[in-house]
Amino acid sequence: GALTKGRQGKELTDFFALKNAGCVALTDDGSPLMDSRLMEKALRLARQLGLLVMNHCEDDGLARGHINEGYVSSLLGIAHRSPSAEDVLVARDCILSYHTKGRIHIQHLSSKLSVEIIRFFKEKSAPISCEVNPYHLLFEEEELLKSGANAKVNPPLRREEDIQALLEGIKDRTIDCIATDHAPHAKKEKGLLESAMPGMIGLQTALPMALELVRREIINLKRMVELLSINPAKLLGVERGIKVGAPANLVLFNPDQEWVLNEETNLSKSQNTPLWGKTLKGRVVITIKDGKIVYKSGA
């Protein structure tokens with residue numbers, strides 16, 4: 444459910460009504476909650492109700508540019524988006540979670556310092572979880588020079604040192620989940636870099652991108668499944684596991700199948716990804732929901 448009314452960041456939604464309606468988590472997604480007093484109130488109330496608060500952490504006052512502050516922004520002469528925009532809000536939310544004991548989930552983690560901040564507060568037993576998007580693990584900011592606006596995301600693609608910090612966070616379990624942040628856009632919305640909408644499609648590419656981490660021996664298959672499925676389900680209180688009597692919610696995949704993401708294979712109406720036209724390795728074969736096959740490759 445939404446964290447604030449109309450995702451405006453001014454007034455909290457009715458947490459009680461949302462919980463009674465079945466909501467297990469609250470977020471304004473790409474609209475960060477800037478009001479610290481309101482976030483503190485949200486975390487206290489969420490703790491009482493057993494809800495999870497999720498926040499996209501970028502300070503609106505600092506996140507005014509389009510791409511990461513660094514070599515590429517200087518080369519292209521485009522207004523940059525400083526990592527401090529992320530770090531400041533991550534630190535605030537971690538501090539508030541530490542003091543209120545309210546569960547906070549940091550969305551779309553991308554910066555080295557943010558990983559270190561979260562690790563610090565997790566070691567102090569603050570109820571914090573976090574996620575990273577596949578593209579922040581595999582693409583450096585230089586991808587913008589090749590893919591243009593299709594590589595524009597919020598938070599922006601960053602430097603190699605940030606990627607290495609994220610990968611270390613994956614390995615030492617500071618980072619709990621890999622989430623797609625699937626954001627389809629029409630071609631006209633991905634024109635000039637400065638005016639383009641941020642985001643990439645990610646549902647079909649999440650598996651092959653995660654498997655790339657396995658092939659590089661950064662994680663093993665078991666850890667990949669934890670990051671993509673087990674941990675997200677645990678955070679949201681979704682029944683999980685393969686056992687007698689449990690709902691049959693399964694994904695069967697072939698880790699070695701190669702395929703090209705193009706007009707023929709794409710299941711989205713959008714094409715905004717640097718992986719368009721590329722050969723990918725690893726493909727979902729069958730998806731089963733509540734015992735019914737809802738997707739079959741090639742069907």
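Using this note's numbering, the first residue of the sequence shown is number 444, and each one after it goes up by one. All residues carry an ideal CB built from backbone N, CA and C; glycine is no exception.
Who pairs with residue i in a beta bridge, going by DSSP?
i	result
residue 499	550
residue 738	730
residue 469	496
residue 643	625
residue 455	447
residue 524	511
residue 723	702
So which of the options has the shortest CA-CA distance to residue i?
i	options	result
residue 517	541, 632, 588, 536	588
residue 638	522, 454, 625, 684	522
residue 701	650, 693, 470	650
residue 593	547, 561, 564, 641	641
residue 591	559, 636, 488	636
residue 609	552, 527, 448, 501	552
residue 599	577, 631, 559, 657	577
residue 666	613, 722, 736	613
residue 490	601, 570, 620, 680	570
residue 611	561, 647, 648, 597	561
residue 645	458, 661, 656, 710	710
residue 545	508, 469, 524	469
residue 582	603, 472, 567	603
residue 629	735, 474, 716, 519	716
residue 678	632, 622, 633, 501	622
residue 494	634, 459, 519, 508	459
residue 448	474, 734, 634	474
Can residue i be considered in contact with the ligand ZN, in the sense that its beta carbon sits closer than 6 Å to one or more heavy atoms?
i	result
residue 660	The model on display carries no ligand, and the ligand ZN is accordingly not part of it.
Are the CB atoms of residue j and residue i within a distance shorter than 7 Å?
i	j	result
residue 573	residue 618	yes
residue 499	residue 550	yes
residue 506	residue 496	no
residue 653	residue 671	yes
residue 704	residue 719	yes
residue 482	residue 488	no
residue 455	residue 444	no
residue 526	residue 554	yes
residue 471	residue 446	yes
residue 740	residue 728	yes
residue 531	residue 502	yes
residue 693	residue 731	yes
Specify, as a first and last residue, the run of the alpha helix (DSSP H) that residue i falls within.
i	result
residue 390	Given a span of 444 to 742 for the chain in the structure shown, any question on residue 390 remains unanswerable.
residue 543	527-543
residue 388	Lying before the first or after the last residue shown, residue 388 is absent from the chain, which here runs from 444 to 742.
residue 519	514-519
residue 675	674-679
Would you kindly report the start and end of the unbroken beta strand (DSSP E) that includes residue i?
i	result
residue 414	Only positions 444 to 742 of the chain appear in the structure, and residue 414 is not among them; the question remains open.
Ignoring anything shorter than 3 residues, give me the beta strand (DSSP E) runs that lie fully in the stretch 552-620, in order along the chain.
Those beta strand (DSSP E) runs which fall completely within the stretch 552-620 and span 3+ residues are 571-575.
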